[in-house]
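As structure tokens, the structure follows; a few thoughts come after it.
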Amino acid sequence: MKKHLLTVLIIFFILVSAITIIIFVRSRSKPIVQSGTTTGAGYKSLVPGVSTKQDAIKILGTPLNDPSSDTLTFRSNNPNIPNKVVADTDKVVLIKEIVTAKDNKTTNDITDKYGAASYTLYGPDSINGFNLYVYPDKGIAYLGHIKEPIVLEIWYFQPTSTEDFKTRWATEYSETLRLTD
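Counting from 1, position 42 in the sequence shown corresponds to residue 80 in our numbering; the numbering is continuous, with no gaps.
Structure representation (structure tokens):
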């Protein structure tokens, strides 16, 4: 009788341990997403739609402009063009990162991580070969060169539709290339 009780206890212990391990592994593999939000790409742990203006100031430092403004500017590696953080009711909704050679970021880095861009938009820099490559469902876009792996800007936003992205953030861009006005 004691022998059977010991066997049952060992089997019970093994089952409970296995179930505990399975539950732990599954809970660790699920991404944490705040309810009601869709998160996309982020910059220095700032995620549009999740992070606040205060988070931006805490992570990026003192803004170059008035901290009460809806658009905050922060130092970038380009002394002439600052990074921008746009907030709507205190939530960060858009981040524009200015990229320089010091940042060591290329178009290849983005396409390796996110694949080919869903959409190409043409704007003021397209005449020089720089287009806006947009991943609306991933919350990232970049202003990069057609043939060279050069990135000038990376835009981070909440995942959205292409139409919403164009209407909200890319009003200077179109789906057709216009070399002259």
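The beta carbon of each residue, even a glycine, is placed where N, CA and C say it ideally should be.
- If you draw a straight line from the Cα of Thr198 to the Cα of Gly78, it is about 9 Å long.
- By the neighbour-count definition (other C-beta atoms within 10 Å, threshold 16), Gly87 is a buried residue.
- Rounded to the nearest whole angstrom, the C-alpha separation of Asp128 and Pro117 is 27 Å.
- Within the DSSP secondary-structure output, Phe203 pairs in no beta bridge.
- Rounded to the nearest whole angstrom, the CA to CA distance from Phe168 to Gly80 is 22 Å.
- Restricting attention to Ser164, Asp163 and Tyr180, the CA atom closest to the CA of Tyr171 is found in Tyr180.
- Taking all protein chains in view, the Cβ of Gln196 is crowded by 16 or more other Cβ atoms within 10 Å, so the residue is classified as buried.
- Counting only the Cα atoms, Asn103 lies some 31 Å from Asp175.
- If you check the CB distance, Thr145 and Ile178 do not come in under 8 Å.
- The secondary-structure analysis by DSSP pairs Asp175 with nothing; it has no beta-bridge partner.
- Closest by C-alpha distance to Leu215, out of Ile184, Lys122 and Glu191, is Ile184.
- According to DSSP, residue pairing for Val124 in a beta bridge involves Thr109 and Leu132.
- When only Cα atoms are considered, Lys143 and Lys151 end up about 12 Å apart.
- For Thr145, the enclosing alpha helix (DSSP H) covers residues Thr145 to Tyr152.
- Looking at the DSSP output, Gly182 bridges to Asn169 and Val189.
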